[in-house]
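Numbering-wise, the sequence shown is residues 1 to 95 according to the working numbering. Note that beta-carbon positions come from the ideal geometry of N, C-alpha and C, so glycine has one too. Quick caveat: nothing in here was measured; it's all calculated off a predicted structure.
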Amino acid sequence: MKSFARLGVLLCLAPMLVAQTTQPSVPAKLTSAVYDWEKMPVTPTPKSVRRDVFDGRTHTAGPGSVFFLATNAVTRLRNAGPTPATYIVFSYHTR
């Protein structure tokens, strides 16, 4: 059995990005992990806006959402709206 170096879990426990708009059938892929955040597309929602990237794919999250983010995964998560969001990170180490 392989031992895991690190395991991170991110829980979004407070109201986050309201996602009640329809998603495109194929989200755009990023060509690099380095990009200008201000040039990322902003998607309007009924209550705010969002820009979300997760390892090259975009995902939608609503209030009370829970995410699992594996170690070394390229992730960008940001609350682009006026509603406050809370992010809690758990880190698990084994030997």
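By the Cβ-count criterion, Ala61 is buried, with 16 or more other Cβ atoms from all chains shown falling within 10 Å of its own Cβ. For Ala70 against Asn79, the beta-carbon gap comes to about 22 Å, at or over 8 Å, which does not count as contact. Judged by their CB atoms, Ser48 and Thr83 are nearer to each other than the 8 Å cut-off. Boundaries for Val42: no beta strand (DSSP E) harbours it, and the DSSP string shows neither H nor E there.
Annotation: Val66 to Val89 spans about 11 Å, alpha carbon to alpha carbon.
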